[in-house]
Amino acid sequence: MELERAQQQLENLGLEKASLALDSQLEQALKNQSTYVEFLNSLLQSEADERRKRSEETRLKLSRLPQKKLLSDFNFEFQPSLDERQIKELATMAFVHRQENVIFLGPPGVGKSHLAIGLASEAIQQGMSVYFVSMSRLLADLSKAAKEGRLERRWKIYQRPKLLLIDEIGYSQLDRVSGNLFFQLICSRYEKGSIVLTSNKGFTEWGELMGDQALATAILDRLLHHAHVVNIRGGSYRLRARTKAGLYAGPNPLTDVDPNRT
Ligand SMILES: Nc1ncnc2c1ncn2[C@@H]1O[C@H](COP(=O)(O)OP(=O)(O)OP(=O)(O)O)[C@@H](O)[C@H]1O
Ligand SMILES: [Mg+2]
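Structure (structure tokens):
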């Protein structure tokens with residue numbers, strides 16, 4: 045039968061979705077009195093849509109994003125120090141095409157990771173490859189690979205994606221070896237691929253964090269050469285309910301971070 049033959053041909057050509065959709069698309073075309081070209085376009089569109097969806101799912105899985113966070117779920121009114129327009133501009137992903145970096149600075153709970161993951165989700169939707177890693181996992185992974193002599197292969201994981209996210213810089217102290225590995229990583233992406241970073245520490249504190257002022261300066265010099273620094277100065281979103289109710293009376297963690305360069 046002609047229909048079955050056509051379905052088989054489509055399948056043989058690797059157009060699986062088009063093959064499956066052919067029957068219903070023909071019916072639709074008949075009902076709508078579509079032209080041949082309209083019918084063909086609609087059939088090819090169903091194949092293209094399916095492929096885009098699958099490729100997006102694959103990229104999302106490979107990205108290892110820890111949570112689902114969207115920019116559209118971010119409440120900008122809660123964080124008046126943030127320039128919503130700047131975030132919208134970043135969401136166009138022009139910075140990725142220009143191999144620029146984005147650095148979110150601020151105390152705990154102000155939305156650094158949320159915004160970073162939100163940008164990553166946007167990048168995935170726009171067809172880009174993304175990889176998310178926390179600073180502690182990154183350093184553990186690189187040190188282990190270095191010890192086992194697999195570092196060369198391991199670099200690729202961090203060099204390949206269009207957009208690399210490194211979350212939570214500043215929560216753990218670096219030793220000399222990890223400081224050097226981090227430096228090498230920053231060098232390897234410098235002017236080649238974008239990085240989005242989040243840190244609770246201002247740049248002046250990075251020397252102490254890396255245990256080496258010269259190394260921190262060299263890292264920051266590269267990172268900040270083409271960078272958008274987003275300094276968030278507000279209160280913790282996590283504590284907002286308790287702060288409002290007067291239940292949170294501990295030390296105030298909502299202190300500003302003070303970058304030395306913006
Ligand atoms: N303005 C906001 N609107 C909506 N949700 C927010 C906002 N700010 C933060 N959140 C939510 O609050 C929680 C904490 O935010 P997030 O994890 O981004 O903080 P962070 O700045 O990365 O803090 P930390 O330095 O502790 O990692 C998350 O669940 C996040 O989705
Ligand atoms: Mg975070």
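Quick note on numbering: this note's numbering labels position 30 of the sequence shown as 74, and the sequence is numbered without any gaps. Even glycine gets a Cβ: it sits at the ideal position worked out from N, Cα and C.
Check: Residues near ligand 2, criterion Cβ-heavy atom distance below 7 Å; Outcome: K156, S157, D211, E212 and T242
Check: Identity of the residues DSSP links to N272 by a beta bridge; Outcome: Correcting the residue type first, residue 272 is His in the shown sequence and not Asn. DSSP lists V146 as partners of H272.
Check: Counterpart residues of T242 in DSSP-defined beta bridges; Outcome: F148
Check: Member of E101, W250 and L259 whose CA lies at the smallest distance from the CA of S165; Outcome: E101
Check: Span separating the alpha-carbon of A293 from that of R286; Outcome: Low per-residue confidence applies at A293: pLDDT is 48, beneath 50, and the placement is therefore not dependable, though the value from the model is reported in the following sentence. Going from the Cα of A293 to the Cα of R286 covers about 9 Å.
Check: Bounding residues of the alpha helix (DSSP H) (the contiguous stretch that carries S178); Outcome: Segment V174 to S178 is the beta strand (DSSP E) holding S178; no alpha helix (DSSP H) there.
Check: The stretch 268 to 281 in contact with the stretch 139 to 156 per 3-pair CB rule at 8 Å; Outcome: yes
Check: Through-space distance from E55 to R194, alpha-carbon basis; Outcome: 41 Å
Check: Runs of beta strand (DSSP E) lying entirely within the stretch 64 to 114, each at least 3 residues, in chain order; Outcome: none
Check: Cβ-Cβ separation, L259 to F227 (assumed contact under 8 Å), whole Å; Outcome: 6 Å
Check: Near ligand 1: G223 beta-carbon under 7 Å from a heavy atom; Outcome: no
Check: Cα-Cα separation between D211 and G255, rounded to whole angstroms; Outcome: 19 Å
Check: Burial state of V140 (16 or more Cβ within 10 Å); Outcome: buried
Check: CB of L163 within 8 Å of CB of V146, strictly; Outcome: yes
Check: DSSP-derived helix/strand/coil call for E192; Outcome: coil
Check: Reduced DSSP secondary structure (H/G/I, E/B, other) of L186; Outcome: helix
Check: Y281 CB to nearest heavy atom of ligand 4 below 7 Å; Outcome: Ligands present in the displayed structure are limited to ligand 1 and ligand 2, and ligand 4 is not among them.
Check: Under 8 Å between C-beta atoms of E104 and I168; Outcome: First, the residue type needs correcting, since residue 104 is Leu and not Glu in the sequence shown. Cβ atoms of L104 and I168: closer than 8 Å.
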